[in-house]
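Numbering (the numbering used here), first residue to last: 600 to 929. Data block below; observations after.
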Amino acid sequence: MNYRRFLIKFFTFIGGIYFFLEFVIPPSVMKFDAYHVKISTYFIAVGAMAVGLGLINLIMVHGSKIIFLKKGWVYSTALLLGLILMLIVTVGDWLSSNKVSTLADKYLMLREFSEIIIKDHEAKNSQVPATEIRITALKNAIKEEIALDRIELSDSKNTELSDLLTTVEAKESKLSIEFSKEKLNSLAQDLASLSKFRREYYGERYQNSTIQKLYTLLFDGLFVSLGSAMFSLLGFYIAAAAYRAFRIKSFESALMMLAALLVMLGQISFGLYLWEGFPDLRLWILKIPNAAAFRAIEFGAQVALLIMAFRMWLSIESETFTNQGSDENR
């Protein structure tokens, strides 16, 4: 047996045996839930690799069409351009939104630092730097953040945020290196308020930014609209195909046609003008006869899915693993 085929089968079996034993062995024998977080972490790496392979395959397939001008190269060009544009805009939007959280969290970190100074001073913790050194570091960090905000707010009309910056700046200047619990607590409260206003201010700027508007245009305005149009056309296509293909040739087909007609009349508003009982009749058909039939179909589908899962787990499904002559034919 080829060693590559053996390794693939081995790791596939090892990867699936945990989830199989989780449902077979009772929790009283072994607590599998304790390992969920550790094992699920590897799913992120595997998923990232799968997305990367899919992206590479997409670029190779459609890139070859564009390079050699094969049939449909125009559509391939549109697909790759849309992919690249959406990727750039999405990354830019993520960086912009992450910047808002980072800027707001800085004042929260300074507030937490001031609270830690109070806690360590009251506990007389000798394993940390002196209180005077930590208060000096806190004052320098506050000055640096306020200076950055002053630059950002040079053309802003947000007077409330500007006044709060002035208040924090005044309290910071009055804060001496000697410990004062009241001053530190008052400063911590103002830092929390400043963090809130800073998040709101930069969040509003982010919502009105070009990158956010472009992302909304591409995703909500284009992608969602195209998806709705595609599924609408698919619905009309299915309805037209059913109309052409369906023929009443037996009692069962006539019963199915009658049930479909009653359900449609109960769904549309026109049915109420014909008879007020159509909506109730529609609900009865969907909840009683249709639900029973659907449960039977779903049970069969789940059994088939279970069999398919066992075949994949045991590496029976893929011809690459089972065909003994695959290596010799290459």
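Ideal Cβ positions, reconstructed from N, Cα and C, are used throughout, including at glycine.
Test item: CB-CB of Thr689 and Tyr814 under 8 Å: yes
Rounded separation between Arg910 and Thr701 - CA only: 48 Å
Integer-rounded CB distance, given that Val699 should sit under 8 Å from Tyr805: 5 Å
Exposed unless 16 or more other CB atoms sit within 10 angstroms - verdict on Arg710: buried
Per-residue DSSP class, three states only, for Ala838: helix
Residue from Gly870, Arg798 and Glu777 with nearest C-alpha to Glu731: Glu777
The segment 678-689 / the segment 758-773 touching (three or more Cβ pairs under 8 Å): no
Exposure of Ala741, with buried meaning 16 or more beta-carbon neighbours within 10 Å: In the sequence as displayed, the identity of residue 741 is Ile instead of Ala. Buried.
As assigned by DSSP and simplified to three states, the class of Phe830: helix
Alpha-carbon to alpha-carbon, Ser713 and Tyr800: 24 Å
Own chain partners of Thr766 with C-beta closer than 7 Å, once the 5 adjacent residues on each side are dropped: Asp789
Nearest-angstrom Cα separation, counted from Phe830 out to Ala840: 15 Å
Outcome for Ser925 when other beta-carbon atoms lying within 10 angstroms are tallied against a minimum of 16: Residue confidence for Ser925 is low, a pLDDT of 48 falling below 50, so the modelled location carries little weight and cannot support an answer.
N-terminal and C-terminal residue of the alpha helix (DSSP H) that Gly662 is part of: His635 to Ile666
For Val623, the first and last residue of its enclosing alpha helix (DSSP H): Tyr602 to Val623
For Arg846, the three-state DSSP class (helix, strand or coil): coil
Leu678 - DSSP class collapsed to helix/strand/coil: helix
Secondary structure of Met855, DSSP reduced to three states: helix
Selected residue, minimal CA-CA separation from Lys705, among Glu851, Ile624 and Leu793: Leu793
Classification of Ile616 by the beta-carbon crowding that lies within 10 angstroms, buried from 16 upward: exposed
Proximity test, Cβ basis, 8 Å: Glu711 and chain D: Reference to chain D is not applicable here, since this structure consists of a single protein chain.
Asp879, enclosing alpha helix (DSSP H) - first and last residue: Phe877 to Lys886
Extent of the continuous alpha helix (DSSP H) to which Phe822 belongs: Premise fails: Phe822 is in no alpha helix (DSSP H) and is neither H nor E.
Exposure label - Ser675; buried when at least 16 CB within 10 Å: buried
Backbone secondary structure at Met708 - three-state DSSP: helix
For Leu913, three-class secondary structure by DSSP: coil
Neighbour-count burial assignment, Glu744, 16 or more Cβ in a 10 Å radius: buried
Limits of the alpha helix (DSSP H) - the one that Glu777 falls within: From DSSP, Glu777 is part of no alpha helix (DSSP H); its letter is neither H nor E.
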